[in-house]
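J.: One structure is given below, represented as structure tokens, and several questions about it will come after.
In this note's numbering, the protein residues as written are 27 to 115.
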């Protein structure tokens, strides 16, 4: 038979150990992606700003394309009407 030894610890001690393990894991994860130094918060802020700017550019681009298409369609209709009027009945 196999004699199993049990480890007994207080809940507070277990929580402290889990907190430390989580903190160590988070530090390793941040270091793996280059966000382990004092500039990390600024880097994240910059990345968020870049993403916000990119979304604004996309929104503006689609609006500009739609406006250009509508203006082009209106110009074609206008030229068609002028051509029809100049041609006569």
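In this text, a Cβ means the ideal position worked out from N, Cα and C, and glycines have one as well.
(1) When DSSP labels each residue in this structure, what does residue 98 get in the three-state scheme?
(2) Return the CA-CA distance between residue 53 and residue 36, expressed in angstroms with no decimal places.
(3) Measure the alpha-carbon distance for residue 77 versus residue 30 and round it to whole angstroms.
T.: Considering the structure as presented:
(1) Translated into positions along the chain shown, residue 98 becomes position 72. The answer is helix: DSSP assigns residue 98 an H, G or I state.
(2) Taking the first residue of the chain shown as 1, we reach residue 53 at position 27. Taking the first residue of the chain shown as 1, we reach residue 36 at position 10. Whole-angstrom Cα-Cα distance: 26 Å.
(3) Taking the chain shown and counting its residues from 1, one reaches residue 77 at position 51. Taking the chain shown and counting its residues from 1, one reaches residue 30 at position 4. Taking the straight line joining both Cα atoms gives about 54 Å.
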